[in-house]
Amino acid sequence: MRLLVTGGCGFIGANFLYAMRERHPDWRLVNLDKLTYAGNLGSLRALEAEAGDAYAFVHGDICDKGLVSRLLVEERIEAVVNFAAESHVDRSIEDAAPFVSTNVLGAQTILDCARRAGVGRVVHVSTDEVYGSLGPTGQFLETTPLAPNSPYSASKAGADLLARACHETYGQDVVVTRCSNNYGPYQFPEKLIPLMYVKAARGEALPVYGDGRNVRDWIFVDDHCRGVELALLHGRPGAVYNFGGAAEMPNIEVVRAILRLTGRDDTLIRFVTDRPGHDRRYAMNFDLAARELGFAPSVSFSQGLERTIAWYQANPAWLEEVQSGAYLTFMQSWYKGRA
Ligand code: NAD
Ligand code: TYD
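So the sequence shown is numbered by the numbering used here: it starts at 1082 and just counts up by one.
Structure representation (structure tokens):
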């Protein structure tokens, strides 16, 4: 297969490229990435070094219609997996504009260019956050009405609806995947788990929003990548598939587990001003993906967290490299008002 992966220099995209390279050594993988603050070429150094002609990196924006169309034709792309996005809720609260641009207009550009170029399938990678927030019980189903609460999730929902419209209007082969919170190697240290690792490793205070009882359903990134691969290979055109890790945890328990694994104690925990519009609980029902795709998460939260912390401990140079000037500026301004 000749596959275009967008956003491959980000957290999940990089893990996906490594997984596809390992499982499908005969595939041609083309990675289109704008290299925003969240994109890091360093994450793919090992792939670049060993893959030869099986892998190519293209620096560019998914909103650039001319570039995307050219790439699809010149590379004779057969399928696209669209990971490229602005992905951090807190940043979307500060400024929604890049989220609308990349997550909505970029997705539209990918869908339209792929259709015009006769690309077989687009897998659009989305999130459980499009469903909004749950009370203490229940799970999100693919049929749960979309009720996004943050500018990030609103922009992702916009793209999901465009994907649906492309299937209904043009009969385009589009599959949407919605996954719960990922963690694992190469995750940018603005998201809960790597941020708390960085703070704990330095002996700094760990900022927990609100009462720390918000619940997320954690999935190890390899399991999500397997789900996307299954959707790409076996998904029904026009279908939406939920993926989850069957590992619901209140944030405070995640933070305590990281403190234990780094040899620190709970005195580092600081409860800080809550995130505005903070979704209380996410939980995914992935029966459809289990039935139609054979999807099942394979890594437990305790195994996955141990592997993740061990990876960060073994890769201080990667962490150093991604914490650049732009990262520091946002982190300082966002957390200043919350302590
Ligand atoms: P990330 O922020 O780590 O990486 C995003 C990548 O996209 C970066 O490499 C960035 O340079 C690139 N990018 C951004 N704008 C671009 C543009 N206009 N053109 C080309 N490239 C661009 O994100 P992630 O955590 O790897 O998430 C990947 C996808 O998975 C996103 O669509 C996200 O919404 C979705 N998702 C993430 C999670 C999660 O827990 N991280 C859960 C469910 C779904
Ligand atoms: P995050 O990793 O940003 O993912 P999302 O908002 O997409 O679920 O946050 C995960 C949870 O951790 C969420 O409930 C917010 C919380 N959180 C904190 O308590 N403190 C922090 O500094 C961050 C970044 C997140």
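Yeah, the Cβ is synthetic: ideal placement off N, Cα and C, and Gly gets one too.
Of all the options the options, which has the alpha carbon lying nearest to the alpha carbon of residue i?
i     : options                    : result
V1200 : L1227, L1311, D1254, G1239 : D1254
I1390 : I1191, E1329, Q1268        : Q1268
R1126 : H1105, D1145, L1098, L1148 : L1098
F1164 : P1266, P1106, T1348, A1188 : A1188
A1166 : D1142, E1131, D1298        : D1142
V1203 : Q1220, L1242, E1249, L1085 : L1085
G1094 : V1154, P1106, L1128        : L1128
E1285 : R1345, V1162, S1405, I1191 : R1345
D1298 : S1381, P1288, A1407        : S1381
G1088 : V1296, S1168, G1147, P1106 : S1168
Y1233 : N1263, A1282, E1175        : E1175
D1114 : Q1413, H1359, L1152        : L1152
N1396 : L1192, G1123, N1366, S1383 : G1123
In three-state terms, what does DSSP make of residue i?
i     : result
E1285 : coil
C1260 : strand
V1162 : strand
S1236 : helix
S1150 : helix
T1250 : helix
M1082 : coil
Would you mind sorting residue i into buried or exposed? The rule is 16 or more other CB atoms within 10 Å of its CB.
i     : result
H1140 : exposed
R1053 : Nothing about residue 1053 can be reported from this structure: the residues present for the chain run from 1082 to 1420 only.
H1315 : exposed
T1250 : exposed
D1368 : exposed
Roughly how many whole angstroms lie between the Cα atoms of residue i and residue j?
i     : j     : result
N1332 : A1364 : 14 Å
A1119 : V1403 : 8 Å
H1205 : A1244 : 7 Å
A1100 : V1309 : 11 Å
A1228 : V1211 : 6 Å
I1158 : E1131 : 22 Å
G1428 : T1208 : Because the chain here runs from 1082 to 1420, residue 1428 falls outside it and cannot be looked at.
Y1416 : V1149 : 37 Å
R1102 : L1311 : 15 Å
H1248 : N1323 : 18 Å
W1399 : G1091 : 13 Å
V1335 : Y1290 : 13 Å
Taking only beta-carbon positions, decide if residue i is within less than 8 Å of chain B.
i     : result
P1378 : Protein chains in the displayed structure number just one, and chain B is not present.
Are the segment 1136-1149 and the segment 1107-1123 touching, with three or more C-beta to C-beta distances below 8 Å?
yes
Would you call the segment 1321-1330 and the segment 1181-1191 in contact, with 3 or more CB pairs under 8 Å?
no
Does the segment 1276-1283 come close enough to the segment 1219-1239 to have 3 or more Cβ pairs within less than 8 Å?
no
Any contact of the segment 1295-1306 with the segment 1337-1352, i.e. 3+ C-beta pairs under 8 Å?
no
Are the segment 1367-1384 and the segment 1228-1240 in contact at 8 Å, needing three or more beta carbon pairs?
no
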